[in-house]
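In my numbering, each residue carries its 1-based index in the sequence shown increased by 2. To start, the structure itself, in structure tokens.
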Amino acid sequence: MGEEQPTFKVVDRRPFNPDGTPRELSPEEQREAERVAESLKIPAVENTSAASAAPNEEPATPRHPPPEPLPPEAQTKTRSSGDPLDDPTSFLSLIMSLASNAAASLGMMPHPVTGETGVDLGSAKHWIDVLGMLERKTKGNLDQQEAQLLESLLADLRMQYVSFSGSPTPPASKFSASDITGGK
Numbered sequence: 003m004g005e006e007q008p009t010f011k012v013v014d015r016r017p018f019n020p021d022g023t024p025r026e027l028s029p030e031e032q033r034e035a036e037r038v039a040e041s042l043k044i045p046a047v048e049n050t051s052a053a054s055a056a057p058n059e060e061p062a063t064p065r066h067p068p069p070e071p072l073p074p075e076a077q078t079k080t081r082s083s084g085d086p087l088d089d090p091t092s093f094l095s096l097i098m099s100l101a102s103n104a105a106a107s108l109g110m111m112p113h114p115v116t117g118e119t120g121v122d123l124g125s126a127k128h129w130i131d132v133l134g135m136l137e138r139k140t141k142g143n144l145d146q147q148e149a150q151l152l153e154s155l156l157a158d159l160r161m162q163y164v165s166f167s168g169s170p171t172p173p174a175s176k177f178s179a180s181d182i183t184g185g186k
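Rendered as structure tokens:
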């Protein structure tokens, strides 16, 4: 049996050369770009060699002006307006999410589907360690509300963890004669 090697052609469609400079489009690629631009009703892109000829020129007008920085008073006002837990992108929401994972691992919250509670000390330790790492890394950068919440959550979770992991199960009682006779 003669084994035939499949033939295929690899076409590099990346817009840049390996050194980072814009690559020149072949005539076929230029026609394809113009056809796609017309179908999307976008002005056709000119040959990239013109763009690489004058790389030091600044564009005449920027598309979006840079945002003006807010004064510190305005920044604190925007932070304190509304409930920060309502904003899913706030730091407090992140802390509450991580703390919820730790609490669920410690059996403090029922499973949302089964309604059962279970204790997974390994997972709880992981989430508590993540919260502790966040506390160390953000020390001095948090406002008072964030720092207090993080500190109190960590204290509660650590105490709960110690209560589960620190208390060994009592050793089994030794057998006695009353076990055989039924306690009579």
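Just so you know, even glycine gets a beta-carbon here, dropped at the ideal spot from N, CA and C. Being a predicted model, the structure only gives us computed values, none of them experimental.
Would you say residue i touches the ligand FMN, meaning its beta carbon is less than 7 angstroms from a heavy atom?
i, result
"L133", "This structure does not include the ligand FMN; it has no bound ligands of any sort."
Are residue i and residue j closer than 8 angstroms when you measure CB to CB?
i, j, result
"L100", "Q162", "no"
"L159", "A104", "yes"
"L152", "E137", "yes"
"A35", "L27", "yes"
"P8", "P17", "no"
Taking DSSP as the reference, what is the three-state secondary structure of residue i?
i, result
"F18", "strand"
"P90", "coil"
"L144", "coil"
"D122", "coil"
"M98", "helix"
"L42", "coil"
"G117", "coil"
"V13", "coil"
"G134", "helix"
"L108", "coil"
"E5", "coil"
Please classify residue i as buried or exposed, where buried requires at least 16 neighbouring CB atoms within 10 angstroms.
i, result
"A39", "exposed"
"A157", "exposed"
"L133", "buried"
"F93", "buried"
Between the Cα of residue i and those of the options, spot the shortest distance and give me the residue it belongs to.
i, options, result
"V13", "T140, T23, L94 and E31", "E31"
"V164", "L123, R138 and E148", "L123"
"D131", "E148, I97, M111 and G120", "I97"
"S125", "R33, T116, S102 and P17", "S102"
"F166", "Q147, E148 and K127", "K127"
List the residues that DSSP assigns as beta-bridge partners of residue i.
i, result
"P24", "F18"
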